[in-house]
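In the working numbering, the protein residues as written are 1243 to 1352.
Cβ coordinates follow ideal geometry from the N, Cα and C atoms, glycine included.
The structure displayed is predicted, hence computed values, not measured ones.
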């Protein structure tokens, strides 16, 4: 990404770029109603931001990773928080309501 920005004479630097992404990740998760028993980790932050960005820009996304990497949790949080005008957060109210449709539901063993 840094090289792309440099190609357009916009040198942001790796540290500043990383800082901006991290702040966006934290901003989205902090706006969400997250159950108190959920631990916010790096994988969850990445999955939430990537998914929200892809939803808003209508870009397909495949969340791939080993079990326990917060993929399903990210989808559940987005589904419960991005409810359009029914959202509790002012910013989320301005976004369209998200409808999650599972194409291949899995049996989850808890």
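Element boundaries [alpha helix (DSSP H), containing residue i]
i	result
residue 1261	1256-1273
residue 1320	1313-1323
residue 1340	First-last for residue 1340: undefined, no H or E at that position.
residue 1289	1284-1299
residue 1334	1332-1335
Under 8 Å between C-beta atoms of residue i and residue j
i	j	result
residue 1267	residue 1290	yes
residue 1303	residue 1313	no
residue 1315	residue 1274	no
residue 1297	residue 1321	no
Beta-carbon contacts of residue i that lie in its chain and below 8 Å, excluding the five residues immediately before and after
i	result
residue 1311	1285 and 1289
residue 1294	1270, 1320 and 1324
residue 1337	1298, 1324, 1326 and 1329
Buried or exposed (CB count within 10 angstroms, at least 16 for buried), residue i
i	result
residue 1247	exposed
residue 1340	buried
residue 1249	exposed
residue 1278	exposed
Min CB distance residue i to chain D below 8 Å
i	result
residue 1246	Among the protein chains of the structure shown there is no chain D, as only one such chain exists.
Sequence-distant residues of its chain with Cβ nearer than 6 Å to residue i (five each side left out)
i	result
residue 1331	1273
residue 1327	1335
residue 1329	1335
Close-in-space but distant-in-sequence residues of the same chain around residue i (CB under 7 Å, 5 per side omitted)
i	result
residue 1265	none
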